[in-house]
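Undergrad: Got a structure for you, written out below as structure tokens; questions coming shortly.
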Amino acid sequence: MPSPVRAPRLLAAPLLLTAALVGCGGSSSGSEVTVSAGDDNCAVSETELAAGTTTFAVTNDGDSVTEVYVYGEKDGAFTTVVGEVENVGPGINRDLEVDLAAGRYEVACKPGQNGDGIRQEITVTGTGGAATASDEGYDRELELTVDADGLNGLDPATGDKGERIEVKLQNDTDGPRTLEVVGPDGDLDAEFDVPAGEQGEAVVELDEAGAWTVKVEGGDSDIDRTLTVG
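Taking the working numbering, I'd label the letters of the sequence shown as residues 14 to 243.
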């Protein structure tokens, strides 16, 4: 590990999405929209909403674990995450509470918790709500998998200075792994442990241009990959 190391700038995703994840049975003073998240569908009960707090009442009607995201629009694409609820098992209900300003959004259901998901566009009108690109969101996800063949998902291995990315690691090995993200200055920006068969995540701000290092420790040898930020 790099030395000296300053305090990690690791930002856990659930903390960044302030008040976004509400346990089953939570209530909201705003509107409520039901989301039926299946293995091949993402049914949103209302697609035209008033600005302000909306609770998306998610039910997993499929056979695999799912997650549901609300994406805001940035530069013509729906990439900015403004709310998420993860690890929703089959038959489970979870609430996702998001404070939405006027604009267009997409609700994405992700059976298996990977990929771009099955998406439904929604429109929000009126005044109030939080900005879609607030500090509580992030710009995109970097979904990585480590298995017997190595580390996959860094293709292309590039980023833009100033981006906030959620780094996810799915550990498909038979032992624990540790993921580290190291900045061009050698400082540790994120670090988290992932048990065998599970997934870990953290949000990292790419605040410097240059060669970042994504490292997976554990097993027979460590794996280093370069993430070029321009």
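Every residue gets a Cβ at the ideal spot worked out from N, C-alpha and C, and that includes glycine.
Is the beta carbon of G213 closer than 8 Å to that of V207?
TA: Stepping through the sequence shown from its first residue, residue 207 is reached at position 194. Stepping through the sequence shown from its first residue, residue 213 is reached at position 200. Yes. Within cutoff.
Undergrad: Beta-carbon within less than 8 Å of V101's beta-carbon, same chain only, minus the 5 sequence neighbours each way: which residues are those?
TA: In the sequence shown, counting from the first residue as 1, residue 101 sits at position 88. Closer than 8 Å at Cβ, skipping near neighbours: A50, V71, N73, V78, T79, E80, V81 and R107.
Undergrad: In the structure shown, what three-state DSSP assignment does G243 receive?
TA: As a first step, residue 243 is located in the sequence shown; it is residue number 230 there, counting from the start. Coil, per DSSP.
Undergrad: In the region 104 to 186, which residue ranges form an unbroken beta strand (DSSP E) of at least 3 residues, counting only runs that do not cross its ends?
TA: For the region 104 to 186, whole beta strand (DSSP E) runs of length 3 or above, ordered along the chain, are 106 to 113, 116 to 122, 131 to 138, 153 to 160, 163 to 165 and 177 to 184.
Undergrad: Tell me, please, which residues DSSP counts as bridged to L192.
TA: The residue labelled residue 192 in the question sits at position 179 within the sequence shown. DSSP output for L192 lists F205 and V229 as bridge partner(s).
Undergrad: Do V46 and L62 have their C-beta atoms within less than 8 Å of each other?
TA: Looking up residue 46 in the sequence shown gives position 33. Looking up residue 62 in the sequence shown gives position 49. Their beta carbons are under 8 Å apart, which means V46 touches L62 by this criterion.
Undergrad: What does the alpha-carbon distance come out to for the pair V229 and S44?
TA: If you number the sequence shown from 1, residue 229 lands on position 216. If you number the sequence shown from 1, residue 44 lands on position 31. Each residue's alpha carbon lies about 43 Å from the other.
Undergrad: Could you tell me the boundaries of the beta strand (DSSP E) in which P44 lies?
TA: Sequence index remark: in the sequence shown, residue 44 carries index 31 (1-based). One detail in the question is off: residue 44 reads as Ser in this sequence, not Pro. Segment S44 to A50, the beta strand (DSSP E) holding S44.
Undergrad: Give the range of the beta strand (DSSP E) segment to which L62 is assigned.
TA: If you number the sequence shown from 1, residue 62 lands on position 49. Start and end: E61 to A63.
Undergrad: Taking the alpha-carbon positions, what's the G250 to E193 distance?
TA: Here the chain comprises residues numbered 14 to 243, so residue 250 is not present and cannot be evaluated.
Undergrad: Tell me which same chain residues have a C-beta within less than 7 Å of the C-beta of T67, skipping the five on either side of it?
TA: The residue given as residue 67 occupies position 54 in the sequence shown. The answer, listed in chain order, is G43, S44, V46, V111 and L113.
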